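Residue numbers (the working numbering): 969 to 1064. Every residue gets a Cβ at the ideal spot worked out from N, C-alpha and C, and that includes glycine. This structure is a prediction, so every number in the text was calculated from the model and none was measured.
Set out below in structure tokens:
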């Protein structure tokens, strides 16, 4: 019996792809979606980016990561699902 809800299944279809995870904190996460288990989403080859410590705007940082690659600072990171505001594939981020 599966313990995944519809949202989990939707996220899992992007497994092994790079995603951008916006949270209700000062952090945005970029990384390869590995899994969802319990109350966490797990990213590998991840960048845990504190928006307050960056001189660049959030969108520019994400666009630069798409263009030049994710600046990995975590081998793996676990993000509480209750903190996730939105997520998207890094490939779906568009320049404006």
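For this session: Could you tell me the distance, in whole angstroms, from the CA atom of residue 1020 to the CA atom of residue 993?
Result: C-alpha separation (whole angstroms): 10 Å.
Problem set entry | Identity of the residue in 1015, 1006 and 1063 nearest residue 988 by Cα | Taking only the C-alpha atoms, the option nearest residue 988 is 1015.
Exercise. Just how far apart, CA to CA, sit residue 1056 and residue 1036?
Worked result: In a straight line, the C-alpha of residue 1056 is about 18 Å away from that of residue 1036.
For this session: Give the straight-line distance between the Cα atoms of residue 1051 and residue 1031, rounded to the nearest whole angstrom.
Result: Answer to the nearest angstrom: the Cα atoms are 23 Å apart.
Exercise. Counting contacts by CB-CB distance shorter than 8 Å, is residue 1045 in contact with chain D?
Worked result: Going by chain labels, chain D is absent from the structure shown, which holds only one protein chain.
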